[in-house]
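Undergrad: Just dropping this structure here.
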Amino acid sequence: MSSTNDTDPYHQFQSEVQSLLAQTRTSFTNYLRLRSLSHAAAPELVSARQELSHNLSSLADDIADLTAAVKAVEGDPYKYGLDVSDVAARRRFVEEALGDVEDMKEEMENAEAPTPTHPQYGGFVGDEDEDDDEREDPLAAYEREQQVQMMRDQDLQLEGVYRSVGNLRAQADTMGRELGEQAELVDALDRDVDRVQGKLGKGLKDLNAFIRKNEGEAFAYAVLTGLRVDTASNWCIGLLILVLCILLFFLFIL
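Following this line, the structure appears as C-alpha cells:
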C-alpha cells in the first residue's frame, strides 16, 4: 500500500472494511444456520462455507491495508489534523475488526475439525445427550457476540459525540471572549469619536467668533489704508483657511 504525505487514506479503507465486514457477518450467520440444519456435505452448506472463506480472506487483506493506514498517521497525527485520541479510536476499530475475523475463522476451523467417535461400549447413552445439551448453539453465540459488538460501537459513537460537544463548547467560549473584546473596542472607539467631535465643535465655534471679529477689523484697516475691501477680504479668508488647517491638524493629533 502507498499513500501520499499529505493525504489520510484511513477513511477510504475504513469504509471498505465496514462494508465487507457487514457482508461477511451476513455470510457467517447464513453459514451457521445451514450448519445447524444441514449435513456437513450438503451443497448449500458447502457453498456457504466457500463464500464465507472468500469473504474472510478479502477482509483480512483490507484490514491489513487499514492497519498500514493507521500506522502512517501514528508518527505525526497533527499533520493530518488528528490528535492522540483519534489515532487510538482508529487503532481500536482495527483491533475489533481483526478480532471478529479471528472469531469467525476459529468457528469455521472448529466446525471442520473431525468429531471424535463415541466408543461402542462403555459409558451411558445419557452422557451423549448431556454433552449435546451443554454444547452451545453457534448461531446464538454469534448473535450474542454481535450484540456485544454493537454495544462497543455505540460506546465509540457516544465518545465521539462527547468529544465533538466539548470542542463546540470550547469554540463557543472562545467566540464569547472575542465578542466581548470587540465590544470593548467599539465602546472605546465611540468615546474617541465623541471626544474628537466635541473638540471639533469647539474649534469651529472659536473659528466663527474669530471670523466675525476679524471681518470688522479688516474692513476698518482697509478704509484707513485705502486698500480695496475685496482685497482685504481675500487676505482675511486666506489667513482663516490657514488657521483652520492648523486647528484641524492639532485636533487629529490630540
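The sequence shown begins at 3 in our numbering and counts up one residue at a time.
Built from N, CA and C at the ideal position, the CB exists for glycine as well.
Evaluate the contact criterion for the stretch 86 to 96 versus the stretch 46 to 58: three or more CB pairs, one atom per stretch, below 8 Å.
TA: Touching, no, given that fewer than three Cβ pairs across the two stretches are closer than 8 Å.
Undergrad: Does the distance from the C-beta atom of residue 249 to that of residue 205 stay below 8 Å?
TA: Cβ atoms of residue 249 and residue 205: closer than 8 Å.
Undergrad: Our contact map puts residue 86 next to residue 79 with C-beta atoms below 8 Å; I'd like the distance itself, whole angstroms only.
TA: That pair is a contact at about 7 Å.
Undergrad: With DSSP run on the structure shown, which of helix, strand or coil describes residue 190?
TA: Residue 190: helix per DSSP, three-state reduction.
Undergrad: Just the C-alpha distance for residue 129 and residue 76, rounded to the nearest angstrom, thanks.
TA: Here residue 129 scores only 47 on pLDDT, less than 50, and its place in the model is too uncertain to base an answer on.
Undergrad: So for residue 45, helix, strand or coil by DSSP?
TA: Of the three classes helix, strand and coil, the one that applies to residue 45 here is helix, per DSSP.
Undergrad: Using alpha carbons as the reference points, say which of 51, 150, 154 lies closest to residue 112.
TA: Of the listed residues, the one whose Cα sits closest to residue 112 is 51.
Undergrad: Going by DSSP, what residue range makes up the alpha helix (DSSP H) through residue 82?
TA: From DSSP, residue 82 is part of no alpha helix (DSSP H); its letter is neither H nor E.
Undergrad: Just the C-alpha distance for residue 12 and residue 68, rounded to the nearest angstrom, thanks.
TA: Each residue's alpha carbon lies about 6 Å from the other.
Undergrad: Which same chain residues, not among the five before or five after residue 36, have their C-beta less than 8 Å away from its C-beta?
TA: Once the five neighbours on either side are set aside, the close Cβ partners of residue 36 are 44, 46, 47, 50.
Undergrad: Looking at residue 151: is its Cβ nearer than 8 Å to the Cβ of residue 95?
TA: No, the Cβ-Cβ distance between residue 151 and residue 95 is not below 8 Å.
Undergrad: Sorted by chain position, which residues of the same chain lie with C-beta nearer than 7 Å to residue 246's C-beta, five sequence neighbours on each side aside?
TA: The residues are 209.
Undergrad: In angstroms, rounded to a whole number, what distance separates the CA positions of residue 173 and residue 191?
TA: Distance between the alpha carbons of residue 173 and residue 191 is about 27 Å.
Undergrad: Relative to the alpha-carbon of residue 241, which residue among 39, 212, 65 has its alpha-carbon at the smallest distance?
TA: Looking at the Cα atoms, 212 is the closest of the given residues.
Undergrad: What does the Cβ neighbour count give for residue 74, buried or exposed, with the cut at 16 atoms within 10 Å?
TA: The residue is buried, with at least 16 neighbouring Cβ atoms inside 10 Å.
Undergrad: Hey, how far is the Cα of residue 108 from the Cα of residue 148?
TA: If I take the Cα positions, the gap works out to 16 Å.
Undergrad: With DSSP collapsed to three states, give me the class of residue 269.
TA: Residue 269 lies beyond the residue range present for the chain, which begins at 3 and ends at 256; the question has no answer from this structure.
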